[in-house]
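**Q** Residue numbers (my numbering), protein chains in the order written: chain A, 1 to 299; chain B, 300 to 661. For glycine and all other residues, C-beta sits at the position ideal for the given N, C-alpha and C. What follows is a single structure, and I will ask about it in a moment.
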Ligand SMILES: Nc1ncnc2c1ncn2[C@@H]1O[C@H](COP(=O)(O)OP(=O)(O)OP(=O)(O)O)[C@@H](O)[C@H]1O
Ligand SMILES: [Mg+2]
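Rendered as structure tokens:
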């Protein structure tokens, strides 16, 4: 039990102690997550779903690189968290994965590739619209539309042209159940989403994202605007969702990373410093910068 | 303390002065106009302007009669004693013609201004790349807002009335048409002859005049919609246009509506742009009474009619005809009705804004 001495007692209690720290592996080799190894034995080692190869990214047409030399593979069916000090490029990398950065005129991938299931997402024949249907996103500031709860959850289906009320109702119910919101809202599906609490609104945003059944869900600090109880519910939800989805989460909350994710990637000044099983990153990091950051010495 | 009081006094004085002016105008117009409206009743709104005849009868009583009534009266009573007869143009009847004309001009103007204005605002705010070109366009729009309205009037005269390459549908193409096509299956023509002095020309001229206001207001309304809505929609696989249509425009609509209603009050009151392009001081028939043909031909003929317009009518009755006690009721009545209309529209826009503010918070 070589656990991090720097973590405080509360968070110590919340960490899975039955997860045995794994031997240090090269960062690129996907590893079996400690979370997976409990209960879901029999599944083989997770396959890599997203491959980022030597990625360089610039917000100003290549003058300065916000991301440099990022090489990272994200395994399927696990939660991977991105940590690092503010401004290091976590959100930028996340938004590269569903090409949301395309919306910025001067943004540009300067080098490298991102492959999702072997397909280069910047290839000419990849439609970013189709990509985004497969790679959902949840934002830091919960942003439901000022529509009814039902319409929020059904939005993605509607823009894909689904008209049948029955299909929509089923999809909405499934999404709301998966996002653990159904019991709270099933009697008021037609009232405004803005009447929900912050935590409920964020779960509705998650429901909205999973209603279109993506393969990957990207979450950019999904709990940073929420109180601890709402945060706990979202974390529970993430743990449930990883059965069916591959999740990448950006977080500033180290305990959160240890609680929800199997793998953690640490970024600093636009570069990937270290990636590995969460227990290793927090317990026995191989880089000095990582250790300083996770122990709260800077950041 | 003493200095502070002086400051207070100056600011308060200025405020009260403005308030006083506003109330004075309001009460003066109401005091003079309301009795006219009460006196003439709905006739004032449903009859067209006419010449007023004033004379003394055999008992030396002063009699006032609209021209139409007067001619009947003379025919029926050839022996009637008539002394000191004099006439006052536009001072009898009502303001039906000007009201209808202004309404039509405003409708055409808002249709044109809103479609192009909203489209431009969407392009500038959602699609265009930020940069020098965009700044230039914004500068041009801002400058357009500062152009005096008489200049728009002359521009409209040149482009929409006189320029012959604007098409109309007609049964009798004008001599000056530059190009004429026969429309199949009808005995009408598509004639490129310009729009002349018409509702269409006036409406387009007014539209160009309010465009800067509408564009700016629409852009504000679009900017007020949180970026998060666009991102959420796009992240769910919406195309840019889908995101704008379903996650931006619905929430910008209240702002656009408020702005366009204020735009209506603005264009309804403009005289200079329509003086050369659409409005006549006198016109007996209402536009639909003179329009010929059917279907699109009727519409084209209807829209190329000239009309009377309320602000121009007020200008005519108060500045272009000799003034007397007999011409005054028409002035006061017209101004009062006009003020009421503007107030109703302004009130409507304030009401809508308040209502949407309550319903749409994010
Ligand atoms: N739209 C943008 N245009 C230009 N530069 C940007 C843009 N968004 C972010 N940046 C810059 O890119 C760098 C990385 O930003 P990013 O938002 O990815 O950081 P982050 O790691 O998510 O930080 P935080 O933890 O504060 O969210 C920062 O220096 C930021 O200033
Ligand atoms: Mg961020």
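#1: Could you work out which residues of chain A lie near residue 343 (chain B), taking near to mean beta carbons separated by less than 9 Å?
#2: Kindly confirm or deny that the stretch 506-524 of chain B and the stretch 378-391 of chain B touch, where touching means at least three C-beta pairs closer than 8 Å.
#3: Are there 16 or more other CB atoms within 10 angstroms of the CB of residue 38 (chain A), so buried, or fewer, so exposed?
#4: Can you check the stretch 43-105 of chain A for any alpha helix (DSSP H) of at least 4 residues that lies completely inside it and give the ranges in chain order?
#5: What residue ranges within the stretch 249-280 of chain A form continuous alpha helix (DSSP H) runs of no fewer than 4 residues, ordered along the chain?
#6: Would you say residue 612 (chain B) touches ligand 1, meaning its beta carbon is less than 7 Å from a heavy atom?
#7: Is there a Cβ of chain B sitting closer than 8 Å to that of residue 133 (chain A), yes or no?
#8: Would you kindly work out how many angstroms separate the C-alpha atoms of residue 349 (chain B) and residue 636 (chain B), rounded to a whole number?
#9: Pull up the CB-CB distance for residue 564 (chain B) and residue 611 (chain B), whole angstroms please, since I reckon it's below 8 Å.
#10: Under DSSP, the alpha helix (DSSP H) around residue 518 (chain B) begins and ends at which residues?
#11: How would you list, in chain order, the residues of chain D whose beta-carbon sits under 8 Å from the beta-carbon of residue 208 (chain A)?
#12: Can you name the residues of chain A whose CB is closer than 7 Å to the CB of residue 546 (chain B)?
#13: Please tell me whether residue 621 (chain B) has its Cβ less than 8 Å away from any Cβ of chain A.
#14: Give the DSSP-derived three-state secondary structure of residue 243 (chain A) in the structure shown.
#15: Select from B:470, B:585, B:632 the residue whose C-alpha is nearest the C-alpha of residue 595 (chain B).
#16: So is residue 655 (chain B) in contact with chain A if we call contact Cβ pairs under 8 Å?
#17: Quick one: Cα of residue 249 (chain A) to Cα of residue 306 (chain B), how far?
#18: List the residues that DSSP assigns as beta-bridge partners of residue 119 (chain A).
#19: On a Cα-Cα basis, can you pick out the residue from A:125, A:72, A:150, A:239 that is closest to residue 265 (chain A)?
#20: Start and end of the alpha helix (DSSP H) containing residue 605 (chain B)?
#21: Quick one: grab the DSSP three-state call for residue 392 (chain B).
#22: Three Cβ pairs or more, each shorter than 8 Å: is that satisfied between the stretch 218-234 of chain A and the stretch 134-145 of chain A?
#23: One question on the structure: do residue 267 (chain A) and residue 90 (chain A) come within less than 8 Å of each other, judged by their Cβ atoms?
#24: Quick one: give me the first and last residue of the beta strand (DSSP E) that residue 491 (chain B) is part of.
#25: Please work out which residues of its chain come closer than 8 Å, Cβ to Cβ, to residue 426 (chain B), disregarding the five sequence neighbours upstream and downstream, and give them in chain order.
#26: Suppose the cutoff is 6 Å on Cβ atoms and the five residues either side in sequence are ignored; what does the same chain contact list for residue 568 (chain B) look like?
#27: Are there 16 or more other CB atoms within 10 angstroms of the CB of residue 161 (chain A), so buried, or fewer, so exposed?
#28: Take residue 458 (chain B) as the anchor and find which of B:440, B:438, B:502 has the nearest alpha-carbon.
**A** Let me lay it out:
#1: Here the premise fails: no neighbours, minimum Cβ distance about 45 Å.
#2: Contact fails: fewer than three Cβ-Cβ distances are below 8 Å.
#3: Below a pLDDT of 50, predicted positions are generally treated as unreliable, and residue 38 (chain A), at 38, falls in that range; the measurement from the model is reported next regardless. Flag for residue 38 (chain A) reads exposed.
#4: Taken in chain order, the unbroken stretches of alpha helix (DSSP H) that lie wholly in the stretch 43-105 of chain A and span 4 residues or more are 90-97.
#5: 254-260
#6: Not so, every heavy atom of ligand 1 lies at least 7 Å from the Cβ.
#7: Yes - at least one Cβ of chain B is within 8 Å of the one on residue 133 (chain A).
#8: If you take the alpha carbons of residue 349 (chain B) and residue 636 (chain B), they lie about 18 Å apart.
#9: No, residue 564 (chain B) and residue 611 (chain B) are not in contact; Cβ-Cβ is about 16 Å, not under 8 Å.
#10: Counting along the chain, the alpha helix (DSSP H) containing residue 518 (chain B) begins and ends at 498-522.
#11: Absence of chain D from the displayed structure is noted, the protein chains being A and B.
#12: 145
#13: no
#14: coil
#15: B:470
#16: no
#17: In a straight line, the C-alpha of residue 249 (chain A) is about 58 Å away from that of residue 306 (chain B).
#18: A:116
#19: A:72
#20: Residue 605 (chain B) -> no alpha helix (DSSP H), and no H or E assigned at all.
#21: strand
#22: Here the stretch 218-234 of chain A makes contact with the stretch 134-145 of chain A; the two share three or more CB pairs at distances below 8 Å.
#23: yes
#24: 488-491
#25: 539
#26: 610
#27: Around the beta carbon of residue 161 (chain A), fewer than 16 other beta carbons sit within 10 angstroms, so the residue counts as exposed.
#28: B:502
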